[in-house]
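What follows is a short report on a single structure.
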Ligand SMILES: C[S@@+](CC[C@H](N)C(=O)[O-])C[C@H]1O[C@@H](n2cnc3c(N)ncnc32)[C@H](O)[C@@H]1O
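Residue numbers (our numbering): 183 to 430.
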């Protein structure tokens with residue numbers, strides 16, 4: 183059985199509320215006049231119920247949404263999880279990604295890949311992503327570059343797949359194309375339809391099997407007598423565009 187250790191992050195549920203907290207001795211969480219002392223959590227098994235609180239080991243979605251410092255817009259787990267499987271990543275793969283931003287997508291890709299090479303041009307964001315990885319013990323197989331991808335010396339025919347999350351990806355298509363192995367998958371995330379149209383016009387004959395998809399995720403209230411959707415949802419994050427490198 184696994185037990186909570188001091189210094190570990192815990193996902194704490196209280197009624198409909200969720201908190202991600204580092205378990206430090208002498209610290210506590212106060213919610214609606216109820217107190218959870220972290221000294222009482224340390225040493226308890228994962229999934230412990232303590233008074234009105236439930237305490238779990240956080241999953242990657244909770245770590246990203248509740249724990250990651252965000253200096254940039256991030257790719258939400260609903261999109262990132264789909265991207266990671268859509269790229270067909272295997273344990274031996276080398277995956278290219280830019281821009282790193284706060285590292286949300288990178289953290290997901292690194293769970294499946296052998297190695298992730300990620301590029302971020304802004305030093306502040308590059309450091310934020312590294313801090314997020316360190317804080318939650320993620321990204322051991324991530325090779326982070328504080329460089330503009332357009333100017334970086336990137337190996338050719340090296341990557342098994344790539345994902346691009348920058349505002350004007352059409353400037354980098356040729357370089358991404360060259361960096362990929364034959365038939366490798368590539369993906370892009372773009373928030374507006376105008377950008378998608380511009381990208382489709384720019385892809386030319388470099389990538390085939392092109393798809394555009396949008397992921398809508400609706401959460402439900404889990405009260406059995408009044409089971410129904412939540413009142414609010416995130417209606418739009420971005421469009422996802424996928425293709426595969428073609429030759430000749
Ligand atoms: C929307 S954020 C990426 C968010 C990231 N995918 C995540 O999930 O946290 C876009 C990032 O791309 C970076 N960027 C833009 N152009 C770039 C380039 N040519 N090379 C490297 N990074 C670039 C920006 O500085 C910004 O941090």
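By construction, the Cβ of each residue, glycine as well, lies at the ideal position given by its N, Cα and C atoms.
Source: prediction; values computed, not measured.
- Within its own chain, the residues whose Cβ lies closer than 7 Å to the Cβ of residue 384, once the five positions on either side in sequence are excluded, are 352 and 355, listed in chain order.
- When only Cα atoms are considered, residue 318 and residue 430 end up about 44 Å apart.
- Note: residue 336 is not bridge-paired with any residue in the DSSP secondary-structure output.
- Under the DSSP assignment, residue 280 falls in the beta strand (DSSP E) whose first and last residues are 276 to 280.
- The region 295 to 303 makes no contact with the region 363 to 371, as fewer than three CB pairs between them are under 8 Å.
- Annotated as proximal: residue 331 and residue 280, with beta-carbon spacing under 8 Å.
- Closest by C-alpha distance to residue 417, out of 286, 398, 324 and 268, is 398.
- Collapsing the DSSP output to three states places residue 376 in a helix.
- As the crow flies, the alpha-carbon of residue 334 is around 32 Å from that of residue 248.
- Taking all protein chains shown into account, residue 206 has fewer than 16 neighbouring C-beta atoms within 10 Å of its C-beta and is therefore exposed.
- Contact between residue 344 and residue 362 holds, since their C-beta atoms are separated by about 6 Å, short of 8 Å.
- For the alpha helix (DSSP H) assignment, the uninterrupted runs of no fewer than 4 residues enclosed by the region 347 to 422 are, from N- to C-terminal side, 355 to 361 and 375 to 385.
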